[in-house]
Amino acid sequence: MTKRAFNFNAGPAALPLEVLQQAQEQFVDYHGAGMSIMEMSHRGALYEQVNNEAQSLLRKLFNIPNNYKVLLLQGGASTQFASIPMNFLRPGTTGAYVATGSWAEKAYKEAKLFGETAIVASSEADKFNRIPDVSSIVLPENAAYLHVTSNETIEGTQYQSYPDSGNVPLIADMSSDILCRPVDVSKFGMIYAGAQKNLGPSGVTIVILREDLAQDSPKTIPTMLRYDTHAKNDSLYNTPPSFSVYMVSLVLKWLKERGGVAAMEQYNRNKTNLIYNAIDNSGGFYRGFAQPESRSIMNLTFRLQSEELEKLFAKESEAEGFVGLKGHRSVGGLRASTYNAVPLESCQALVQFMAEFQKRHG
Ligand code: PMP
0 MTKRAFNFNA GPAALPLEVL QQAQEQFVDY HGAGMSIMEM SHRGALYEQV NNEAQSLLRK
60 LFNIPNNYKV LLLQGGASTQ FASIPMNFLR PGTTGAYVAT GSWAEKAYKE AKLFGETAIV
120 ASSEADKFNR IPDVSSIVLP ENAAYLHVTS NETIEGTQYQ SYPDSGNVPL IADMSSDILC
180 RPVDVSKFGM IYAGAQKNLG PSGVTIVILR EDLAQDSPKT IPTMLRYDTH AKNDSLYNTP
240 PSFSVYMVSL VLKWLKERGG VAAMEQYNRN KTNLIYNAID NSGGFYRGFA QPESRSIMNL
300 TFRLQSEELE KLFAKESEAE GFVGLKGHRS VGGLRASTYN AVPLESCQAL VQFMAEFQKR
360 HG
């Protein structure tokens with residue numbers, strides 16, 4: 000049997016073993032074509048099927064209404080940080096942002112390059128350890144959109160309910176929590192996510208865009224950054240990241256077989272309850288970074304009493320087969336990323352390791 004690490008990487012992250020094995024089986028000869036999926040034309044029937052399947056599975060699993068386009072793009076979520084203001088910010092309008100942490104700030108900073116922006120809620124004063132209250136956000140009168148970061152991968156916070164932006168399109172970066180729980184897509188103008196956490200390998204970025212926003216991008220922006228280019232061409236305007244899209248289609252099939260997104264949410268909650276309970280019942284040895292009401296079920300951040308102890312935790316856990324538990328360099332501490340494909344067994348092993356570590360060093 001293949002020995003698999005207890006992989007808690009933040010992204011690229013764990014993929015389902017069954018998916019890797021299926022890709023391995025089809026790697027050299029895809030459906031009798033005498034070549035791999037990577038070696039064939041993206042205009043041929045076999046790839047067309049992959050492109051269609053990835054989109055239709057995503058539509059079904061995420062319950063995407065018919066008046067939305069699904070785009071499969073390149074450049075990562077970071078490119079979307081620029082594409083959003085380039086497509087939607089017009090002279091005299093303002094891009095509104097909620098400042099929740101490192102990734103929200105990056106999105107906001109990029110938008111500032113292109114026009115007027117405003118921060119309409121922020122938890123910076125609390126070091127971004129919570130999602131700010133968004134129930135009574137006041138948007139600028141000329142708001143072009145409201146941008147939120149659904150899950151802050153570095154701080155480990157996640158929206159429990161999204162703001163109501165009225166007629167102003169709500170845009171969400173769901174890079175680190177797409178498909179971890181059901182979402183009412185009709186509440187959003189746009190949802191986007193890099194694939195490399197919950198959907199597959201890096202290389203493809205998913206954009207779910209309401210049709211009226213996928214038309215008439217400004218003529219002055221580069222062809223590749225216009226949403227209407229990709230919407231009109233079914234994400235085949237230029238050469239797509241075909242292997243990544245193929246892997247996403249396998250991950251989506253796997254998710255469907257596992258019972259879909261609602262079943263996955265339950266699984267994710269079972270996994271993360273184990274770890275949060277271990278933190279909360281440690282008598283202060285482990286301390287959660289995110290405030291309980293903002294805790295993420297994808298990235299679990301916690302600290303120990305000293306940086307030395309945190310370093311030791313990272314080192315000793317690594318020696319026992321755990322990967323990726325060191326927190327992001329910008330905030331320190333420890334972080335376990337428990338994306339959809341991280342098995343319950345890895346979380347059980349982590350909880351056991353945490354108890355043993357506390358016994359040794361507490
Ligand atoms: N947004 C969030 C919430 C992320 O976690 C990341 C990547 N860690 C990004 C954006 C940037 O994604 P990419 O590396 O695909 O540009």
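All residue numbers for the sequence shown refer to numbering that gives the first Met the number 0, where the first residue is 0 and numbers rise by one.
Beta carbons: idealized from backbone N, C-alpha and C, even for Gly.
Because the structure is a prediction, the values reported are computed rather than measured.
Just verifying my parser: in three-state terms, what is the DSSP assignment at N150? If DSSP states are grouped into helix, strand and coil, N150 belongs with the strands.
Three-state secondary structure (DSSP) of F312: helix
Is the beta carbon of V247 sitting closer than 8 Å to the one on L198? yes
Grab the span of the beta strand (DSSP E) containing R334 for me, first residue to last. L333 to S336
DSSP state of Y46 mapped onto helix, strand, coil: helix
Which of the three DSSP states is assigned to N51 in this structure? helix
Helix, strand or coil at L235 [DSSP, three-state]: Reduced to three states, the DSSP call for L235 is coil.
Kindly indicate if chain C contains any beta-carbon less than 8 Å away from that of Y245. Although the question refers to chain C, the structure presented lacks it and comprises just one protein chain.
Applying the 10 Å Cβ sphere with the 16-neighbour rule, what's the burial state of A124? Per the 10 Å Cβ criterion, exposed.
I207 versus G287, V27 and K68, residue with shortest Cα-Cα distance: A check of alpha carbon separations from I207 across G287, V27 and K68 identifies K68 as the nearest.
Residue nearest to G100 in terms of C-alpha spacing, selected from F288, Q357 and Y338: F288
Under 8 Å, do Y338 and M297 count as touching if we go by C-beta distance? In this structure, M297 lies closer than 8 Å to Y338 by Cβ.
Cα-Cα separation between G202 and A213, rounded to whole angstroms: Straight-line Cα distance between these residues: approximately 22 Å.
DSSP has L169 in a bridge; who is on the other side? L145
Using a 10 Å radius around the Cβ and a threshold of 16 neighbouring Cβ atoms, would you call H146 buried or exposed? Around the beta carbon of H146, 16 or more other beta carbons sit within 10 angstroms, so the residue counts as buried.
Given I205, which residues of its chain have a CB within under 6 Å of its CB, disregarding the five upstream and five downstream residues? A192
Suppose you measure from the CA of R268 to the CA of P90; what does that come to, to the nearest Å? If you take the alpha carbons of R268 and P90, they lie about 44 Å apart.
Using a Cβ-based criterion (distance less than 7 Å to any ligand heavy atom), does W253 qualify as near the ligand PMP? no
Out of A335, G331 and V330, state which residue places its alpha-carbon closest to the alpha-carbon of F321. Minimum Cα distance to F321 is reached at A335.
Let me check one thing: in DSSP terms, what residues is A192 bridge-paired to? Residue pairing of A192 in beta bridges, as defined by DSSP: I205.
Since I believe Q357 is in contact with F284 (beta carbons under 8 Å), could you give me their beta-carbon distance rounded to a whole number of angstroms? Contact check for F284 and Q357: beta-carbon distance about 5 Å, within the 8 Å limit, so the pair qualifies.
Out of R180, L333, A230 and D211, state which residue places its alpha-carbon closest to the alpha-carbon of A261. R180
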